[in-house]
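Asker: Starting off with a structure, shown below.
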Amino acid sequence: MNENHTHDKELLEKVEQRLENGQSSGSRLLDDLASMRPQAKADFQQELENRLLASFYKRQLETKENPELSTLTLKSDTKSRKITSLPLTLAAAITAVLLIGSALLTGGFPGSFLSGGSIAQSVTFTPTAQPTTTSADDLYATATAVIVGATQTAEAASLGLVNDMQLTATAVIAGATQTVAALTATPLPTISGSGDVELQPVVIALQDIGESSTLTADMLAVAYYPLDIVPLGVVSDPASAIGMVVNEPIARYQPVLTSNLIQGSPLPDISAVIPEGMVAVSIPVSMLSTAAFAIHEGDNLNLVLPSETIEGVQVIYIGTMDTTDMIVFAMSAADAALLTSMLETSPSLAVEIERQNTADTPVIFEYGGHVTDTNTNAAPLMLQAGMTWMKLQVDYTPGMGTAPIALAINHAHAYGFNILLTIVGSPTDMSAAGYIEQYAAFLGEVATLNPDAIEVWNEPNLDRTWPTGQIGGAAYADMLRQAYQAIKNANSEVMVISAAPAPTGAEAAYPNQVMNDDRWIQELVDAGGLDYMDCLGAHYVEGTVSPTQISGDARDDYYTRYLGTMLLTYSNLSSNIRPICFTEFGYLSDDGYPALNSYFAWAQNTTIDQQAVWLAQAAGFARASEQVRLMIIWNVDFTTYNANDPTAGYAIIRADGSCPACVALAGGTANVARVTVNIPNDTAAVLWTQSEYVDVVAPLLYVDLTIDGISFEFQQLSDGAGDNLPRLVTQRVLSDVPILFHEDGMFDLILPPQDAIIIQWMMEAQIPLFILPHVTDNATQPVVSESLSANHFAVTIMQQYIDTSSLELQVGDRFNATILMGENESQLVYTIEDIELLADNGANGLQFSVANPTDAGLLSWVEQGGFTVTLSEAQP
Amino acid sequence: MNPEDERALIDRAKQQPEAFRDLYRHYFPRLYGYVAARVGHVPDAEDLVSIVFIKVVEALHRFEYRGEGAFAAWVFSIAHNEVSQFYRKQNYTALPLEDMADSHDAPPDELVIRKEQFARLYGLIGTLSARRQEIVTLKFFGELRNQEIAAVLGLDERTVASHLCRALDDLQQKYLQETEKER
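Chains as they are written, first to last, in this note's numbering: chain F, 1475 to 2350; chain V, 13 to 195.
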């Protein structure tokens, strides 16, 4: 035993001695460490305990997993009370009543209306088969009593159905004389007991009630609260709530407040659902036309008028008003005024509805893993890896049931994951009449089970899953349309992902059996498929190099080899209108398994460590791209490995049970440490600044013909005009980045890892960065026109740097400014949209109003950079 | 709590609220200590601890006992993940000391001393590598065994022990230096 080993052993023993036995370790450090554990506030621990117990009860109520909940006997430690001849239906109601009550007794539900002072012990239940006669000797509860009776029960009582009920023991006061209340045929009494607590009826929600719902009797129950804890403004009589419309969501078991309710009417009172600051405009359905996609309440759409497009209107009501079928939209007051005026002046106006381009909507990135079973032992490891999604593939056969799918969804949700279901049928079944309709209906049925996302089919560009000779994006678009409508009609919350095609360039070698994924997607887009998806499905499973590389694959530089070029291709094909969901994303490694056969030999050099690091880098890359919504790692826990199917080689949980990728993902994407990127100052197009904080404008995925090693079709990716100008496909702006300058002419950017990956990737690809001084709201402007709007920046540019393209400049006019930068002024095109000419100061330049601080910073650097700004008229 | 007792308690806690409450009370101080030490800010710590326990309630019925330490490792894995997600969302590395010592019920003069000690210790822990910070925090504030820490962090138990010893040696040296300075 060497010295170090002995030292370590003794040290660890001291630690255990201190932590496990509470004895002094003899080391001040260890003793101090052990005594310095942060302690919670006592009331927080108690409040959380109460909330958790409420959740515990609630969960049991919902799942009815606890056999003890079927019937009950109440135990009492004090006096005997009788519950006689309790009808079974009522017994069930009372069961729920007391469970809810007990949850309240133990502290209430989240956002509890019970204060901490009324808390005591819990209620215990033991089952009896038939509670026809139940002794309240068994009644045992210790806190403030709460009695809940379902409204149906009260109604039944008032109808005389339970007149024989002699319910006598339902309220028990902790540590005090029992308060016994009699619930008689009078449905809603204020109960006064002989003890010291008076109870008041409070109408509560028996289920989660969504905003703008009309209340019905089966949504409500009555709870009896001690007067001193009754929330202000509660509704006491369900009759006064039934038929009313809820103006904000009410969670299950929460009291209904008068302020929650607005008057319902035969015409919808939509005032409750109009977003703040918006105005509602109703349009008869007869005046509307769409590209045949389904419209749902909550959709965000554009209204295309003959001379205008009103963007981003929200559908808040679809239905009949005054016998006319209408759709009600919420929009800004200005848009509403415009539209109303046009509707009034042109009664025959045709309004076309189009889906809103979501390209400008921030894409929230999440990742997860494809599992063999959602009830998987891998769940903790997945959580550790920062995953929030599970994916399961379901093989559809006509006539199948949904029970196993419901179970799978429940398992995933119980572990805290969202779930994506990929549902795919067999090509041999597809020839049957009505197959696609049945499939779509099945997806609608599945949607009612509340999965979080559904991928409609899998790899339909191969004859493995689509009939030979019939493969094509247009054919698939028809299936997608029907599936989308069925899913959204059933549950509009479910994200619909189009089937990811297999990435391949093999169609020439396998005609009728394979269609290249890029061509297949183009067909899908051309057939209007983007209207029927929330996310464009993609697979990336053939990488052999880091996700930050765009060259170096030993096979060739076909675009499917690299993450960057895949992303670029797919985002271009879809015009970046929909985010991308990688429903399979993995790296194959035969580490720990027999060597891959020749078909998969391309992956033979990928180590398990590379798999781990690359997956973590890819997650960072995908997140930073702001184009990827979802990345599902293919796969988590598959174990099949043979010459024809090395699926386990993709698995992140390896044959020995280890999961290096889990560790890397946890560290790589959750790591908060910032890293330093050292950049030579002569990197092309870097602008000097002496600021401490800068904005970095990084033209991510900038296609430049000078980049070596990319061989995909530029013409196909261009805007179709046949030019070869480089394009700014997606821009990444890193704002407020600390910068450190060095005497040797280098400087450091201090960045989060995922941004650092992007910057390093760009440097490798020789893509220029723009380092601009960070403009803050406090930036001083020399002479600012009074017409500068709030939150805008005034930028002055000398006339010689402006190319007006023969436009006449008028103060108040709006323009788009295109800045050409780089050595020959065609290296990079940067467009700033919608700047307003504030003032023409002659020799002192033109002053513009710019909304975005980074744009303002860039524009203010035009002179220093020697760039030219070309102005063009902004679209009104 | 010995492993047999804990297993029995977990089994009962899947059905019985009283058992769940006992389990909660057993783990709360440790889990709170770990989370609070990691995020360094009381409201954030309270939010995260609430999230962790709610996830435990929701998933407890699925938990399968797989030997000593499995439950602690599971609970702290959820906490570790939540803390990681928190940092990712917050996008900062700082380990603020903000009023973490305030919650201790002590007289004002003792509280001042305690705050100083607290600040010093946390400052020293902050000088360790991220991995070692995590291990020391899980060890002393989460009171996890090395085997459990290994499970939470996906490491080998010996690696955890080695990291812990090196971290404590490092801290010891710095602690002594600071004590010398005070003199």
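Glycine included, C-beta positions come from ideal geometry on N, C-alpha and C. Nothing here was measured: the structure is a model prediction, and the numbers come from that model.
Near Tyr2033/F, what residues of its chain come up, given a Cβ to Cβ distance below 7 Å and the 5 sequence neighbours on each side ignored?
Answerer: Here the set comprises Thr2039, Met2040, Thr2043, Phe2186.
Asker: Taking Cβ-Cβ distances shorter than 7 Å, what residues in chain F pair up with Ala71/V?
Answerer: Ala1888, Tyr1889, Gly1890
Asker: Which word fits His2266/F, buried or exposed, when buried means at least 16 other C-beta atoms lie within 10 angstroms of its C-beta?
Answerer: buried
Asker: Could you pull out every unbroken alpha helix (DSSP H) segment of at least 4 residues lying fully inside the stretch 1983-2069 of chain F, listed in chain order?
Answerer: 1991-2000, 2037-2047
Asker: For Arg78/V, is the classification buried or exposed, using 16 other Cβ atoms within 10 angstroms of its Cβ as the cut-off for buried?
Answerer: exposed
Asker: Would you call the stretch 1883-1900 of chain F in contact with the stretch 1915-1933 of chain F, where contact means no fewer than 3 C-beta pairs closer than 8 Å?
Answerer: yes
Asker: Measure from the alpha carbon of Ile1827/F to the alpha carbon of each residue in Thr1862/F, Gln1788/F, Thr1848/F, then state which is nearest.
Answerer: Gln1788/F
Asker: For chain V, check one thing: does any of its Cβ atoms lie closer than 8 Å to the Cβ of Pro1512/F?
Answerer: True, the Cβ-Cβ gap to chain V drops below 8 Å.
Asker: Under 7 Å between beta-carbons, which chain V residues line up against Pro1854/F? List them in chain order, please.
Answerer: Trp86, Ser89
Asker: Identify, in the order they occur along the chain, each residue of the same chain with its Cβ nearer than 6 Å to the Cβ of Asp1470/F, setting aside the five sequence neighbours on each side.
Answerer: Nothing in the structure corresponds to residue 1470/F, since chain F is present only between 1475 and 2350.
Asker: How many angstroms separate the CA atom of Leu1657/F from the CA atom of Pro1675/F?
Answerer: Bear in mind that a pLDDT of 23 at Leu1657/F, under 50, signals an unreliable position, so the model cannot answer this.
Asker: For Pro1729/F, which residues from the same chain have a beta carbon less than 6 Å from its beta carbon, with the 5 sequence-adjacent residues on both sides left out?
Answerer: Val1676, Ile1678, Pro1705, Val1708
Asker: For His1885/F, name the three-state secondary structure that DSSP assigns.
Answerer: helix
Asker: Mark Asn2118/F as exposed unless 16 or more other C-beta atoms lie within 10 angstroms of its C-beta, in which case mark it buried.
Answerer: exposed
Asker: Enumerate in chain order the residues of its own chain whose CB-to-CB distance from Ser1756/F is below 6 Å, with the five nearest sequence positions on each side excluded.
Answerer: Met1800, Val1802
Asker: Taking just the CA atoms, how far does Thr2305/F sit from Ser2279/F?
Answerer: 15 Å
Asker: How do the stretch 1973-1981 of chain F and the stretch 2004-2024 of chain F stand: do at least 3 beta-carbon pairs fall below 8 Å, yes or no?
Answerer: yes
Asker: Using a beta-carbon distance cut-off of less than 9 Å, what residues from the stretch 39-73 of chain V approach chain F?
Answerer: The residues in question are Phe40, Pro41, Arg42, Tyr44, Gly45, Tyr46, Val47, Ala48, Ala49, Gly52, Val54, Ala57, Glu58, Val61, Ser62, Phe65, Ile66, Lys67, Val68, Val69, Glu70, Ala71, Leu72, His73.
Asker: Hey, is the stretch 1816-1824 of chain F in contact with the stretch 1849-1856 of chain F, meaning 3+ C-beta pairs nearer than 8 Å?
Answerer: no
Asker: On the CB-based measure, 16 or more other CB atoms within 10 Å of its CB, does His1844/F come out buried or exposed?
Answerer: buried
Asker: Could you list which residues in chain F have their beta carbon closer than 7 Å to that of Lys127/V, in chain order?
Answerer: Residues of chain F passing the Cβ test: none, with the nearest at roughly 11 Å.
Asker: Using a C-beta cutoff of 8 Å, does Leu2174/F count as contacting chain V?
Answerer: Note that Leu2174/F has pLDDT 38, beneath the 50 cutoff, so the model's placement of it is unreliable and the number below is only indicative. Chain V contact via Cβ: absent.
Asker: Does the beta-carbon distance from Gln2078/F to Ser2020/F come in below 8 Å?
Answerer: no
Asker: Looking only at DSSP bridge pairs, what is Trp1863/F linked to?
Answerer: Gly1842/F, Asn1892/F
Asker: Can you tell me which of Gln2284/F, Ala2122/F, Gln2101/F puts its alpha carbon nearest to the alpha carbon of Gly2066/F?
Answerer: The residue from Gln2284/F, Ala2122/F, Gln2101/F with its alpha-carbon nearest to that of Gly2066/F is Ala2122/F.
Asker: What does DSSP give as the partner residue(s) for Met1805/F in the beta ladder?
Answerer: Val1753/F
Asker: Considering only residues of the same chain and omitting the five flanking positions on each side of Ala2001/F, which have a CB-CB separation below 7 Å?
Answerer: Gly1947, Ala1948, Ala1951
Asker: Would you decide whether Val2285/F is buried or exposed? Buried here means 16 or more other CB atoms lie within 10 Å of its CB.
Answerer: exposed
Asker: Decide if Gly1860/F is buried, meaning its Cβ has at least 16 other Cβ atoms within 10 Å, or exposed.
Answerer: Looking at its Cβ environment, which holds 16 or more other Cβ atoms inside 10 Å, Gly1860/F is buried.
Asker: Look at Ile1961/F and Ala1921/F and say whether their C-beta atoms are less than 8 Å apart.
Answerer: Yes, the pair counts as a contact, with Cβ atoms nearer than the cut-off.
Asker: By a C-beta neighbour count over all protein chains shown, 10 Å radius and 16 as the cutoff for buried, is His1481/F buried or exposed?
Answerer: exposed
Asker: Along the stretch 1518-1532 of chain F, where does the CB come closer than 8 Å to a CB of chain V? Name the residues.
Answerer: Phe1518, Gln1519, Leu1522, Glu1523, Arg1525, Leu1526, Leu1527, Ser1529, Phe1530, Tyr1531
Asker: What's the C-alpha gap between Ala2313/F and Leu2333/F?
Answerer: About 16 Å.
Asker: Kindly indicate which residue of Val148/V, Asp56/V, His53/V, Ile161/V has the alpha-carbon position closest to the one of Glu80/V.
Answerer: Ile161/V
Asker: Please list the segments of the beta strand (DSSP E) lying wholly inside the stretch 1491-1515 of chain F, counting only runs of 3 or more residues, in order along the chain.
Answerer: none
Asker: Nearest chain F C-beta to Ala173/V closer than 8 Å, yes or no?
Answerer: yes
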